[in-house]
Amino acid sequence: MDALASSTEELFDRMRRGDHAAFDRLYEAYASKVLAYARTVLRDDGKAADIVQQVFTNVYTARSSFRGENLDAWIFAIARNACLRQKRVDTRSMPLIDPDAIRADDVSMSPIDVEVVRKAVDSLPDDDRVIIRLRYFDDLSYNDISAMLGISLTLTKVRLFRARRRLALVLHPHFKDL
Amino acid sequence: MEAIESLLMDMLDDGPIDASEVEAYVLEHNDRTLVSDMQRMHTMSPLLKQCVLPPRASDVELLKNVHSSVQHSISQHLLFARSLWSGLGVTVGGGLLWLAVSQWSGDTKDTLPPVAPTSITRPLREAPSIEPQTHNTARELRSERSPVTALGEMNFVRDDRELQQERERRTVVAKHATGGDAYRQYRDLFHINLALADTNEAVASLRAAHRWAVRLGDVAAATRCEKELNDLVGSAAR
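Going line by line, the protein sequences match chains A and B.
Each residue of the first sequence is one higher than the last, beginning at 1039 in the working numbering.
Each residue of the second sequence is one higher than the last, beginning at 8 in the working numbering.
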């Protein structure tokens, strides 16, 4: 990650000096992660793609505001804010889903399998769902997740631990093995 | 507690995967609930590891399309920024120019002392309409010459200096001329003086031409001179 970080920050510097090819390489380095994050948070492929576009347009237009501390954190902060704005729009335009309506009973009673776990994850509160999906579905590192969520590495692990504990509780009534 | 949770997370993901090791660790902390939860979570670990979503082929295409859109957005942004700066540049430049000009005019007004009227400018300042309305400049006068010049052989003289030389020459000729020739010489002098914007001399030469017309008994020529005199004196008086 460090080697990548130093190379992406070098790419960013080149982009700031007007190297458009460097911007394309930055896009290649981050776009799939930003897409994964936006898709996880918004649960909508089309909106997630819009977020990727917004993020990279902002990365280019706001390039002078980056102070050279942590490029990952900066880019994912842009992504996080874009997703939050989108979620606010969504909650204004759509009826709120009652979190209590999602119960463990909704999870399939079929033998334990990956699909059941995925459904159980999707029934979790948003913060738990996002962190578990980023870690286990999108296979992102703690560093990436901490940058995406804008929290420390330790807090990332703590939140993930708690989310996993709640997931285990959700799955427990249905699976004797757990 | 957070430190323990963080450590437990490490154990679950990357640490010892043996359930007894986890149990031993948690038991040290004497928390039965945590022990049972850790056991469940530990059992869930292999399942979660299977949940990794393989990269979607459609994502590659989607990200390519998004990349094109980003490039389009950036080029539009750059174009807009360029237009904005260019517009601002024109506005600011124009504003600065206007400011400079108005400042300069203001400075000139404030700092330059008023010009005292000289013997030449005083009549113009006091009675700016002293010039005949229809004959404001020498150039206009030349272009508006009366067809009366057909009476004489006056050549068309373009330049004031030449006109003055011609006036001096004609004045000498007119003084020595008599009859119809004197009339024509004074008529020509009248036109030369008009062309030189010398109203007084124009009036004088026209009066002389009128006297010769009366003396010759040419009523039409005399009437014409009278009318022109009235026009000239009247406009000068206005």
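Ideal Cβ placement from N, Cα and C applies to all residues, glycine included.
Just the Cα atoms here: how many angstroms apart are residue i and residue j?
i               : j               : result
Y190 (chain B)  : W219 (chain B)  : 5 Å
L1 (chain B)    : D167 (chain B)  : Because residue 1 (chain B) is not part of the residues shown, which for chain B are 8 to 245, the question remains open.
L1067 (chain A) : F1094 (chain A) : Per the sequence shown, residue 1067 (chain A) should be read as Ala rather than Leu. The alpha-carbon atoms of A1067 (chain A) and F1094 (chain A) are separated by roughly 12 Å.
R1171 (chain A) : F1199 (chain A) : 13 Å
A228 (chain B)  : V108 (chain B)  : 56 Å
G1056 (chain A) : A1100 (chain A) : 13 Å
N1016 (chain A) : H84 (chain B)   : Because residue 1016 (chain A) is not part of the residues shown, which for chain A are 1039 to 1216, the question remains open.
M1053 (chain A) : V1090 (chain A) : 18 Å
P1211 (chain A) : T1046 (chain A) : 46 Å
Y193 (chain B)  : W105 (chain B)  : 54 Å
S43 (chain B)   : P1163 (chain A) : 22 Å
D1082 (chain A) : V99 (chain B)   : 46 Å
H183 (chain B)  : R176 (chain B)  : 11 Å
L4 (chain B)    : G101 (chain B)  : Outside the modelled stretch of chain B, which goes from 8 to 245, sits residue 4 (chain B), for which no answer is possible.
A1060 (chain A) : A88 (chain B)   : 21 Å
A181 (chain B)  : G241 (chain B)  : 26 Å
L1049 (chain A) : R1123 (chain A) : 28 Å
M45 (chain B)   : R1203 (chain A) : 8 Å
S1103 (chain A) : T50 (chain B)   : 46 Å
A95 (chain B)   : L1205 (chain A) : For the sequence presented, residue 95 (chain B) should be read as Leu rather than Ala. Roughly 58 Å separates the two Cα atoms.
A215 (chain B)  : Q172 (chain B)  : 20 Å
G1188 (chain A) : S75 (chain B)   : 28 Å
T1129 (chain A) : L1109 (chain A) : 30 Å
D195 (chain B)  : L213 (chain B)  : 9 Å
K1071 (chain A) : S93 (chain B)   : 38 Å
E1153 (chain A) : D1051 (chain A) : 43 Å
E12 (chain B)   : H79 (chain B)   : 46 Å
Q1092 (chain A) : I81 (chain B)   : 10 Å
S52 (chain B)   : L1207 (chain A) : 14 Å
Just to confirm my understanding: we take residue i, look at its own chain, exclude 5 residues before and 5 after, and list those with CB closer than 7 Å. What are they?
i               : result
R1167 (chain A) : V1159 and D1160
L170 (chain B)  : V164, I199, A202 and L203
L15 (chain B)   : M45
S1190 (chain A) : S1184
Y1065 (chain A) : F1094
C232 (chain B)  : L213, A216, H217 and A220
Does DSSP put residue i in a helix, in a strand, or in coil?
i               : result
T50 (chain B)   : helix
C1121 (chain A) : helix
N37 (chain B)   : coil
F1104 (chain A) : coil
R174 (chain B)  : helix
L104 (chain B)  : helix
R1081 (chain A) : coil
L1109 (chain A) : helix
S75 (chain B)   : helix
D188 (chain B)  : helix
I1089 (chain A) : helix
S1070 (chain A) : helix
D205 (chain B)  : coil
S1161 (chain A) : coil
S1179 (chain A) : coil
S212 (chain B)  : helix
D167 (chain B)  : helix
L1191 (chain A) : helix
D1128 (chain A) : helix
L60 (chain B)   : coil
R1202 (chain A) : helix
R231 (chain B)  : helix
G94 (chain B)   : helix
L69 (chain B)   : helix
D195 (chain B)  : helix
R222 (chain B)  : helix
Between residue i and chain D, is the shortest Cβ-Cβ distance under 8 Å, so that the two count as touching?
i             : result
R47 (chain B) : The displayed structure is made up of protein chains A and B, and chain D is not among them.
Residues in the same chain with beta-carbon distance under 8 Å from residue i, minus the five sequence neighbours each way, listed in chain order, please.
i               : result
M48 (chain B)   : L19
D1165 (chain A) : R1197 and A1201
L1193 (chain A) : S1184
V1127 (chain A) : none
Going along the chain, which residues of its own chain have a beta-carbon closer than 6 Å to the beta-carbon of residue i, five neighbours each way excluded?
i               : result
A157 (chain B)  : Confidence is the limiting factor: at A157 (chain B) the pLDDT is only 43, short of 50, which leaves the residue's position unreliable and the question unanswerable from this model.
A1111 (chain A) : A1185
May I ask whether a heavy atom of the ligand NAD can be found less than 7 Å away from the beta carbon of residue i?
i              : result
L201 (chain B) : No copy of the ligand NAD occurs in the structure displayed, which carries no ligand at all.
inquiry  = For the stretch 1177-1185 of chain A against the stretch 61-72 of chain B, do three or more pairs of beta-carbon atoms, one drawn from each stretch, fall closer than 8 Å, so that the two count as touching?
reply    = no
task = Assess, as a yes-or-no matter, whether the stretch 1060-1078 of chain A is touched by the stretch 1115-1124 of chain A under the definition of 3 or more beta carbon pairs within less than 8 Å.
result = yes
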